[in-house]
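Here's the structure we're looking at; comments come further down.
There are 2 protein chains.
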Amino acid sequence: MSPAPPPGSVRPGGRTARTRARVLAAVSAELAENGYDALTVDAVAARSGVHRTTVYRRWRDVGGLLTDLLDATTADDWQPADTGSLRGDLAALNREVQAALTERPSVAAAVIAASFRSAENARALRRMWQDRYARCGVIVDRAVERGELPPDVDARALLVAATAPLYHELVLLGTPPDPGLPDRAAESAVLAASAGAFTRS
Amino acid sequence: MSPAPPPGSVRPGGRTARTRARVLAAVSAELAENGYDALTVDAVAARSGVHRTTVYRRWRDVGGLLTDLLDATTADDWQPADTGSLRGDLAALNREVQAALTERPSVAAAVIAASFRSAENARALRRMWQDRYARCGVIVDRAVERGELPPDVDARALLVAATAPLYHELVLLGTPPDPGLPDRAAESAVLAASAGAFTRS
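Residue numbers (full-length UniProt numbering), protein chains in the order written: chain A, 1 to 201; chain B, 1 to 201.
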């Protein structure tokens, strides 16, 4: 659920692909270390070792860099963990969300803050989440196949209910990370689902 | 759950209290209409009709104005609605949260955005939420008295689980408001609680 490209996730490609990978890795690092306010095309160019003229021509400005960083995640090969149970899958997802939001520096926290600075940034982040929640639909599909959930469950509502307490506590309420929260939030969502919540009426 | 002072909520007081009420009403209105970036001490002074020297002396800067707006909510008389059932109380709370986040202009949305601009703003907003969630504890107390919940339920965990999907969808994911979500999120939290979630082990 994090926009930091994991090592090796950008497939080997031509020179253009390598340039993009270097520039986006520099955007991640700059954002995480110095925040959105300090993000500049020049700093990204210097860090990436790509000529600034190339960066300006291809990405234009900070908004272009951030949008491409987020849009690049929709082409990565991230998939939610398959642990064998609905509760385990949701807990694993929540642990990933909590780790991304609390690591220091956190690219995830930086792109969320940036989403409050421009509508372009907000749209790009929402596209990323849309894609991530859609990919997490497989968690619900597997649970339906195993008979853990009825077939008419609203996958997105269940996934949002399971993950929302993490985002609310860590991003908005600013609560110190609670190592038990990922599991407890997953468990609550499973209990609600088992009792008939999230079922399309 | 909104920092906009409801009409009549500032108790009549001396000249100092009336000045503060006028200034904070102007901060709300400026924030909601023009956003944090356009908020200035001069604009607040002009709108409130309070002399700018007074505003600068008492509130110093934009951070001081926003902090006082949020801190003032901890002295208001807001209480969650008492509908006679846990589900009804949580649904009423969620409808209030959704209304505050989706009204246009929205002071609530503006102060959340501002919390990503300075640590001082973030701390003030978190104090407000801390106070609001503590006041909502009465919802859980009443449910325990009615026998709807066991006495060892974690009130804050339940209240966060009930409200978090609203904040996540509306503030972070940017989903268009769903008129059914306040009730469904309340219902899911009640189902989870009835199945034993949020119980301190």
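Think of the CB as a built atom: it goes at the ideal place given N, C-alpha and C, for glycine as much as any other residue.
These numbers were taken from a predicted model, which means no experiment stands behind them.
- Remark: C-beta atoms of T19/B and V44/B do not approach each other more closely than 8 Å.
- Within 7 Å of the CB of P165/B, the CB atoms of chain A belong to V160, A161, A164, in sequence order along the chain.
- Cβ-Cβ separation between A189/A and E187/B: approximately 13 Å, too far for a contact (criterion under 8 Å).
- Identification of chain B residues near W129/A by a Cβ-Cβ cut-off of 8 Å yields L172, L173, ordered along the chain.
- The beta-carbon of S188/A is placed less than 8 Å from the nearest beta-carbon of chain B.
- Take E33/B, set aside five residues on each side of it, and the residues of its chain with a beta-carbon closer than 8 Å to its own are P105, in chain order.
- It is roughly 5 Å from the alpha-carbon of D183/A to the alpha-carbon of A91/A.
- A110/B is positioned such that its CB atom lies closer than 8 Å to that of Y36/B.
- Here D89/B is buried, its C-beta having at least 16 other C-beta atoms within 10 Å.
- Residues of the segment 125 to 152 of chain B whose Cβ lies closer than 7 Å to any Cβ of chain A, in chain order: R126, W129.
- Within the model, the alpha-carbon separation for R123/A versus P176/B is close to 13 Å.
- At a cut-off of 8 Å between C-beta atoms, E169/B counts as an interface residue with respect to chain A.
- Under the Cβ criterion of 8 Å, L191/A is counted among the residues facing chain B.
- Rounded to the nearest angstrom, the Cβ distance from A192/A to A192/B is 4 Å, consistent with a contact under 8 Å.
- Take the alpha-carbon of E30/A and the one of T16/B: they are about 47 Å apart.
- With a threshold of 16 other beta carbon atoms within 10 Å, Q79/A falls short and is exposed.
- Under the criterion of beta carbons closer than 8 Å, Q98/A and L173/A do not qualify as touching, at roughly 14 Å.
- Taken atom to atom, the span from the alpha-carbon of H168/B to that of Y167/A is near 7 Å.
- For Q98/A, the enclosing alpha helix (DSSP H) covers residues 86 to 102.
- The C-alpha of A161/A lies about 8 Å from the C-alpha of A164/B.
- Per DSSP, the unbroken alpha helix (DSSP H) holding W59/B starts and ends at 52 to 59.
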